[in-house]
Structure formats: C-alpha cells, structure tokens
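Report on the structure given below.
In this note's numbering, the protein residues as written are 544 to 643.
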C-alpha cells in the first residue's frame, strides 16, 4: 500500500469527520487542530464505533480517554467485556447521532 492510498484514506477520514459534524444534531464544529483523542474525549459517555488500522471495527461506550489509551465499555456484541485501545491504532471514529 503506497503513500497515495494513505493520502486518499486520510482525506476520506477527514471528510467523514467533517460531514458527521455538520449533520450532527449537536451542530458540533470540527476544530482545525482536532485529534482522534480529542474527539473521543468530547464524546465520553456516548456510544461510538472505532475503525482500527488493522481493519477491525469495535463499538461500545466511551468510558475514559487518556493521551494514549481509550477505554470502551459495554462492547457491542460482547456487553460483558471492556476494551482498552491504543489511540494510535484508531483510524476513524463513528458517532451515533440520536433521533436518526
């Protein structure tokens, strides 16, 4: 996978974040210096789906976020389990919007 692939993926990731921000009921604005960690911190307590660089998807409630680790509780499909994810392994964050 070349640099062009990563550039296209990154552009799609930013476009997804921008569009989801514009369509969200909260009308949250994407800040120019936004980070995945910052997005997760602002969505603490909400249900999200994480897309990992490995290609896996993981959903659940954002319980806690540090600079390096994200704690996801009540995993989708495995509600009795929690996950601790390295923030560097996250390629995209999908946020559930109420009322849709």
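Don't be surprised by glycine CBs; every beta carbon is placed ideally from N, CA and C.
None of the values given here were measured: they were computed from a predicted structure.
- A Cβ-Cβ contact shorter than 7 Å links residue 605 with residue 587.
- When secondary structure is reduced to three states using DSSP, residue 581 falls in the helix class.
- With fewer than 16 other Cβ atoms inside 10 Å of its own Cβ, residue 640 counts as exposed.
- The alpha-carbon separation between residue 595 and residue 574 amounts to approximately 22 Å.
- By the neighbour-count criterion, in which 16 or more other beta carbons inside 10 Å mark a residue as buried, residue 612 falls on the exposed side.
- In this structure, the CA atom of residue 614 is about 23 Å from the CA atom of residue 576.
- The Cβ atoms of residue 603 and residue 619 lie closer than 7 Å to each other.
- Considering only 609, 610, 601, the residue with the shortest C-alpha distance to residue 621 is 601.
- Between residue 593 and residue 633, the CB-CB gap stays under 7 Å.
- In this structure, residue 591 and residue 637 form a Cβ contact; the two beta carbons are roughly 6 Å apart against a cut-off of 8 Å.
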